[in-house]
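Asks: Our numbering puts the first residue of the sequence shown at 485, with every later residue one more than the last.
Just so you know, even glycine gets a beta-carbon here, dropped at the ideal spot from N, CA and C.
Have a look at this one.
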Amino acid sequence: MGATLGFGIDIGGSGIKGCTVDLDAGQLHGERIRIATPDPSKPDAVADVVKHIIDEFGWTGPVGVTLPAVIKRGVAHTAANIDKSWLGTDASALFAERLGLTPAEVVVLNDADAAGLAEIRYGWPDDRDGVVVLLTFGTGIGSALFLDGQLVPNTEFGHLEVDGHDAETRAAASVKEEQNLSWADWAQRVTRYIRGLEDLIWPDLIIAGGGVSKKADKWLPLLEVRTKVVAAELRNDAGIVGAAVAVREGLHR
Ligand code: BGC
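Now the structure itself:
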C-alpha cells in the first residue's frame, strides 16, 4: 500500500522550504526544495515562491504553510523576521488564491506550532501526555504548547520578559552566534529563561528544537532547571512535516 502523502511549506526569514510529506512515517517524501526568502519578504513575493516550489513537485492537493507569526484563522497578527506588510494579511486566502485551491485546502500556522505538532505526533512516544512545551532556538525563540497532545496555538513564550529583556534577545541561538558565547554561558542564559517559563506554566516536559538541538549534548546537560528537557527528534524538517500534519488534522484556527 502507498504512503499517505501531504505537503508542507516552512517559511522563515532566510529560506522557504517545501516538500511532500509521508504522513504515515512523519518524514519528508523525496528531496525538499529550499529557496532564499525574497527581500523584501512581502506577501505577494513570498506567495510566488510558494507556488514555484509546489509546482516543482507537481502537487495539486491541500497544503500546510508555516509563518514566523501569530496566525488566527489564517490572518497574520505579528511578523517576526518577515516584512511588516504581513500584519493583517489573510495568508490562507492569499495562498489559496495563488495556488488555485479553496480556503479549506490551505492551513497556515505559526512555525513553532508546526514544529511542535510534528514532534508530538512522531517523536518520543512516552512523552505526549500532560503539559508539553516545544521551544525552537533559532533566530528567535518559538514555542508550542500541548495538553495531552492537543495544541494550544499561538503561545509566544519566546517573548517572556527575563531580567527586563525580551527573552529571545538574550537566549536565542542567534545571540550565541552573534556574541560568540561559550556553550556554558549560553546555557546559563537558557537556564534563566526556562526557569522563568517553568515557574509560570509548570510543564511536564520541554522539548528543545531548532538547529541547535543537533548539538544538544553540548548544552542540555548544562541546564539547571526543574523540568526534564529533551532534544527534538525531527530537527530541521519538523516545520515542513508539521505543516502537512496541520492540514490532515484540519487546524483552521
Ligand atoms: C516569533 C514567533 C516565532 C518564533 C520563531 C518569534 O520571534 O514571535 O511567532 O514562532 O520567533 O520563528
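Excluding the 5 residues flanking Trp608 on each side, which residues of the same chain have their C-beta closer than 6 Å to its C-beta?
Replies: Position 124 of the sequence shown, counted from the first residue, corresponds to residue 608. So the list is empty, once near-sequence residues are dropped.
Asks: Check each candidate in Ile555, Asp647, Gly648, Ala700 and name the one with the smallest Cα separation from Trp667.
Replies: Translated into the one-based positions of the sequence shown, residue 667 becomes position 183. Nearest option by C-alpha distance: Ala700.
Asks: Can you tell me whether Leu735 is buried or exposed? The criterion is at least 16 other CB atoms within 10 Å of its CB, across all chains shown.
Replies: Here residue 735 refers to the residue found at position 251 when the sequence shown is read from its first residue. By the 10 Å Cβ count, Leu735 comes out buried.
Asks: According to DSSP, is Glu645 part of a helix, a strand, or is it coil?
Replies: Counting from 1 along the sequence shown, the entry for residue 645 is found at position 161. Glu645 falls in the strand class under three-state DSSP.
Asks: Identify which residue in Ala722, Thr488, Asn638, Asp721 has its Cα closest to the Cα of Thr562.
Replies: Counted from its first residue, the sequence shown places residue 562 at position 78. It is Asn638 whose Cα lies nearest to the Cα of Thr562.
Asks: Gly723 and Asp611 - do their beta-carbons sit closer together than 8 Å?
Replies: Mapped onto the sequence shown, residue 611 falls at position 127. Mapped onto the sequence shown, residue 723 falls at position 239. No, the pair does not count as a contact, with Cβ atoms beyond the cut-off.
Asks: Is it the case that the Cβ atoms of Val729 and Arg557 are separated by a distance below 8 Å?
Replies: Here residue 729 refers to the residue found at position 245 when the sequence shown is read from its first residue. Here residue 557 refers to the residue found at position 73 when the sequence shown is read from its first residue. Not in contact: Val729 and Arg557 (Cβ atoms no closer than 8 Å).
Asks: Check whether the segment 674 to 689 touches the segment 703 to 722, counting contact only when three or more Cβ pairs, one atom from each stretch, lie closer than 8 Å.
Replies: The segment 674 to 689 is in contact with the segment 703 to 722.
Asks: Quick one: give me the first and last residue of the beta strand (DSSP E) that Lys712 is part of.
Replies: On the sequence shown, position 228 is the one that residue 712 refers to. That run of the beta strand (DSSP E) goes 712 to 715.
Asks: When you measure from the CB of Glu640 to every non-hydrogen atom of the ligand BGC, does any distance come out below 7 Å?
Replies: On the sequence shown, residue 640 is found 156 positions in, with the first residue counted as 1. Flag set: Cβ of Glu640 near the ligand BGC.
Asks: Taking the continuous beta strand (DSSP E) assigned at Thr550, which residues delimit it?
Replies: Here residue 550 refers to the residue found at position 66 of the sequence shown. Note, Thr550: beta strand (DSSP E), 547 to 551.
Asks: Whose C-beta lies closer than 7 Å to the C-beta of Thr675 among residues of the same chain, with five residues either side of it excluded?
Replies: To locate residue 675, count along the sequence shown from 1; it is residue 191. These residues qualify, in order along the chain: Leu707, Glu708, Val709.
Asks: Would you mind sorting Thr504 into buried or exposed? The rule is 16 or more other CB atoms within 10 Å of its CB.
Replies: Reading the sequence shown from its first residue, position 20 is the one you call residue 504. Under this definition Thr504 is a buried residue.
Asks: Runs of 4 residues minimum, wholly inside the segment 664 to 734: which ones carry the alpha helix (DSSP H) assignment?
Replies: Entirely contained in the segment 664 to 734, the alpha helix (DSSP H) runs reaching 4 residues are, in chain order, 667 to 685, 700 to 703, 722 to 732.
Asks: Compare the beta carbon distance of Ala692 and Ala715 with 8 Å and say whether it is the shorter of the two.
Replies: Stepping through the sequence shown from its first residue, residue 692 is reached at position 208. Stepping through the sequence shown from its first residue, residue 715 is reached at position 231. Yes, Cβ-Cβ distance for Ala692 and Ala715 is below 8 Å.
Asks: Whose C-alpha, out of Arg582, Ala564, Ala602, Trp670, is nearest the C-alpha of Asp508?
Replies: Taking the first residue of the sequence shown as position 1, residue 508 is located at position 24. Taking only the C-alpha atoms, the option nearest Asp508 is Ala602.
Asks: Please tell me whether Ala564 and Gly614 are closer than 8 Å, where the distance is taken between their beta carbons.
Replies: Reading the sequence shown from its first residue, position 80 is the one you call residue 564. Reading the sequence shown from its first residue, position 130 is the one you call residue 614. Not closer than 8 Å, so no.
Asks: Can you list, in chain order, the stretches of the beta strand (DSSP E) that have 3 or more residues and sit fully within the segment 544 to 630?
Replies: Qualifying beta strand (DSSP E) stretches, in chain order: 547 to 551, 590 to 594, 615 to 621.
Asks: Measure the alpha-carbon distance for Gly545 versus Ala487 and round it to whole angstroms.
Replies: Taking the sequence shown and counting its residues from 1, the one referred to as residue 545 is at position 61. Taking the sequence shown and counting its residues from 1, the one referred to as residue 487 is at position 3. Gly545 and Ala487: Cα-Cα distance of roughly 15 Å.
Asks: Report whether the distance from the Cβ of Gly622 to the nearest heavy atom of the ligand BGC is below 7 Å.
Replies: Here residue 622 refers to the residue found at position 138 of the sequence shown. Gly622: yes, Cβ under 7 Å from the ligand BGC.
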